[in-house]
Amino acid sequence: MVSGAIVGTLLGCASAPTPIPAERAPTPPSSAAGSASSAGLAESGLPVLVQAKSRWIAVPWTQLPGFGQDALHEAWNAWLRSCERPATAFVALCPEVRRLSIGSADEQLSWITSRLQPYRVEALVDEGPGLLTGYFEPMFEASRLPGPGFSVPLYQAPVGLAQRKPWYSRQEIDTLPAAQAALKGREIAYLADPVDALILQIQGSGRLRVTEPDGQQRLLRVAYAATNEQPYRSVGRWLLEQGAVRDASWPGIRAWIAQNPQRVQEMLWSNPRMVFFREEPLSELDAGFGPRGAQGVALTPGRSIAVDPTSIPYGTPVWLASSGPVANLEKLVLAQDTGSAIVGAVRADYFAGWGAQAGELAGRLKQPLRMWVLWPRSP
Numbered sequence: 010m011v012s013g014a015i016v017g018t019l020l021g022c023a024s025a026p027t028p029i030p031a032e033r034a035p036t037p038p039s040s041a042a043g044s045a046s047s048a049g050l051a052e053s054g055l056p057v058l059v060q061a062k063s064r065w066i067a068v069p070w071t072q073l074p075g076f077g078q079d080a081l082h083e084a085w086n087a088w089l090r091s092c093e094r095p096a097t098a099f100v101a102l103c104p105e106v107r108r109l110s111i112g113s114a115d116e117q118l119s120w121i122t123s124r125l126q127p128y129r130v131e132a133l134v135d136e137g138p139g140l141l142t143g144y145f146e147p148m149f150e151a152s153r154l155p156g157p158g159f160s161v162p163l164y165q166a167p168v169g170l171a172q173r174k175p176w177y178s179r180q181e182i183d184t185l186p187a188a189q190a191a192l193k194g195r196e197i198a199y200l201a202d203p204v205d206a207l208i209l210q211i212q213g214s215g216r217l218r219v220t221e222p223d224g225q226q227r228l229l230r231v232a233y234a235a236t237n238e239q240p241y242r243s244v245g246r247w248l249l250e251q252g253a254v255r256d257a258s259w260p261g262i263r264a265w266i267a268q269n270p271q272r273v274q275e276m277l278w279s280n281p282r283m284v285f286f287r288e289e290p291l292s293e294l295d296a297g298f299g300p301r302g303a304q305g306v307a308l309t310p311g312r313s314i315a316v317d318p319t320s321i322p323y324g325t326p327v328w329l330a331s332s333g334p335v336a337n338l339e340k341l342v343l344a345q346d347t348g349s350a351i352v353g354a355v356r357a358d359y360f361a362g363w364g365a366q367a368g369e370l371a372g373r374l375k376q377p378l379r380m381w382v383l384w385p386r387s388p
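For the sequence shown, the numbering used here assigns the number 10 to the initial residue and increments by one for each residue that follows.
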């Protein structure tokens, strides 16, 4: 991810949040208006549900900005994916979700409002305003063999990676014969630009249009397999600390690179972490979805988000509202991924899709966020 998170591969467990009686509900730490709202709900007897890092306050549907105006059928694709590995709380609803995949917009909306209850997500302790960022799946031209214009390798994990912790740093991989020998024969493909390779490693996966030795081209995905267990350091932060840029988004970093090609290697080595990949086939069906997220299901462009799973369990439908200079979003999304930088109650990373346009959106998206989880009503 551009945010510094790596797409996860482990399935998280989602259990029901703990209800606390209304009379014992603590006062939310947010604004005075938010505290008054939550207190009123508690007095009315509506439940307050608690996760490890968040408090959920039951609200009426009218509090969800833009609810009723979303193209719900687009979110249904992501919901069907979540039902491949559903959280315990949603197992009983998945047959109905599948049936409604061919339902009308009115039928889908009516079902959501009758079967689910919206809860506003708040932090247990004051974390400041919510934050929405974005990530994407890069797509690059590549060659199976090194040659003119393609000299930057993407590696499988080396044999014996676990025997040396941490493994060689990025600079050592580029300069030490021992590290290079350990990676010999582990090349998946070669890119033209070392910065593109770094972007793939930060995002955790990507698509390659690879030219094979026989000249044929094929589309494949490289997915996260392992790291060298060196610390991750943001090249954007390094540039800010150097006083080299004021805009540390990827477009801003690219602009600096164009003006300072002689310092690119120095910038790359400022991040010692290296990510190793595994190759995955990309069928025609798979091509319409992103890589698998932490829930273990394929991500849906514009409808999947990465969350802190201690705040929102994987597989939970979420109403997202975020307005800013980059995008105005009021829509249904599914919590299907996480990442090392996605920490906090009201924090999400928005999966924008793949390619240059998605990369532009993901690279600039950083704006306030509000979220509501949609949780099954009690039978």
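Every residue gets a Cβ at the ideal spot worked out from N, C-alpha and C, and that includes glycine.
DSSP three-state assignment for residue i, whether helix, strand or coil
i           : result
residue 352 : coil
residue 220 : strand
residue 133 : coil
residue 361 : strand
residue 99  : helix
residue 215 : strand
residue 338 : strand
residue 373 : helix
residue 72  : helix
residue 378 : strand
residue 367 : helix
residue 151 : strand
residue 253 : coil
residue 345 : strand
Outcome for residue i when other beta-carbon atoms lying within 10 angstroms are tallied against a minimum of 16
i           : result
residue 131 : buried
residue 93  : exposed
residue 362 : buried
residue 237 : buried
residue 139 : buried
residue 213 : buried
residue 79  : buried
residue 137 : exposed
residue 244 : buried
residue 263 : exposed
residue 173 : exposed
residue 71  : exposed
residue 111 : exposed
residue 325 : buried
residue 271 : exposed
residue 309 : buried
residue 189 : exposed
residue 193 : exposed
residue 135 : exposed
residue 61  : exposed
residue 390 : Lying outside 10 to 388, the shown extent of the chain, residue 390 is not represented and no answer is given.
residue 143 : buried
residue 292 : exposed
Cβ-based neighbour list, residue i, same chain, cut-off 7 Å, excluding 5 preceding and 5 following
i           : result
residue 242 : 279, 280, 281
residue 153 : 198, 219, 220, 221, 222
residue 81  : 114, 117, 118, 341
residue 226 : 218, 219, 220
residue 73  : 127, 328, 381
Residue span of the alpha helix (DSSP H) that contains residue i, given as start and end
i           : result
residue 115 : 114-124
residue 85  : 81-91
residue 106 : 103-108
residue 263 : 259-268
residue 242 : Taken as a continuous stretch (DSSP letters only), residue 242 belongs to no alpha helix (DSSP H), as it is neither H nor E.
Neighbourhood of residue i by C-beta distance below 8 Å, restricted to the same chain and skipping five residues each side
i           : result
residue 250 : none
residue 107 : 89, 92
residue 124 : 102, 105, 385, 386
residue 161 : 199, 200, 201, 202, 203, 205, 206
residue 265 : 248, 253, 254
residue 338 : 141, 329, 330, 331, 332, 359
residue 75  : 330, 339, 340
residue 185 : 177
residue 307 : 90, 295, 298, 299, 300, 301
The beta strand (DSSP E) enclosing residue i, as first and last residue numbers
i           : result
residue 143 : 139-146
residue 231 : 226-236
residue 330 : 326-332
residue 67  : 63-67
residue 163 : 161-164
residue 58  : 57-59
Neighbourhood of residue i by C-beta, 6 Å cutoff - its chain only, sequence neighbours within 5 removed
i           : result
residue 315 : 346, 347, 348, 351, 358
residue 239 : 175, 178, 281, 282
residue 327 : 342, 344, 380, 382
residue 159 : 152, 199, 201
The ligand NAP heavy atom lying under 8 Å from the CB of residue i
i           : result
residue 239 : Here there are no bound small molecules, and the ligand NAP is not part of this structure.
Taking the runs of the beta strand (DSSP E) that are 3 residues or longer, which of them lie wholly in the region 271-320? DSSP runs (the beta strand (DSSP E)) wholly in the region 271-320: 284-290, 313-316.
My parser needs the alpha helix (DSSP H) runs of 4 or more residues fully inside the region 178-205; what are they? 179-184, 186-192, all fully within the region 178-205.
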